[in-house]
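Residue numbering for the sequence shown follows my numbering, beginning at 2 and increasing consecutively. From the three backbone atoms N, C-alpha and C, an ideal C-beta is built for every residue, glycine too.
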Amino acid sequence: NDTWKKNYAPRNAVNFGIGGDTTQNVHWRITNGELDGLSPKAIVLMIGTNNFGLHNDKPEDVVRGVEALVKTLRMKLPATKILLLGMFPRDAKPDTDFRKRIKTGNELIAKLADDKAVFYLDIGGKFLAEDGTLPKEIMPDFLHLSPKGYEIWAEAIEPSLKKLLE
């Protein structure tokens, strides 16, 4: 997509995101060679919402999966900094079950940050209207970002990412 080409391709970045991935899928991939031979300065990790949608997991289960990913990434890539993003909001309205589970999950995920190697950032509010609803022009299906949503994401993480890459 254009946002990737503009913001990340010039940095020699690699995108390992696969639609529908859960914490278990990513953990399997990183323990089975996906990162072999790589030594990135930083990793941006945003994972978990698919565990709610596909497995109907509880927030605590999702956080255990995210924690396992962070531990494995730290073990395999000890010099790499991790920008751990809070899960993005989903659903049109603010009071849904998914939104509540994401809020609880994010509160727990935030505790995984040590501000030395793992840094937490929640940018979910940047996608929402003032009344807490999720505009269709940012997430047309209330789960996946539009090109405008990707621009918001890139802009929101840039200051943190820039610091980690220095």
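- Taken atom to atom, the span from the alpha-carbon of R65 to that of Q25 is near 10 Å.
- A residue is called buried when at least 16 other Cβ atoms come within 10 angstroms of its Cβ; R100 meets this threshold and is buried.
- The C-beta distance from Y121 to L85 rounds to 5 Å, short enough to fall under 8 Å.
- For the 8 Å CB-CB criterion, K137 and I153 do not form a contact.
- Ranked by how close their Cα comes to the Cα of E159, the residues E61, V45, H145 have V45 in first place.
- Beta-bridge analysis with DSSP links Y121 to L85.
- Distance from the Cα of N52 is smallest, within the candidate group D22, M76, L39, I31, for D22.
- V63 and G49 have their C-alpha atoms some 6 Å from each other.
- Cα atoms of K104 and K94: separation of roughly 14 Å, rounded to the nearest angstrom.
- In this structure, the beta-carbon distance from L166 to A43 falls below 8 Å.
- The DSSP-derived three-state label of L70 is helix.
- Per the coordinates, the alpha-carbon of E35 lies some 22 Å from the alpha-carbon of K6.
- In the three-state reduction of the DSSP assignment, I48 falls in the coil class.
- Per DSSP, the unbroken alpha helix (DSSP H) holding L162 starts and ends at 148-166.
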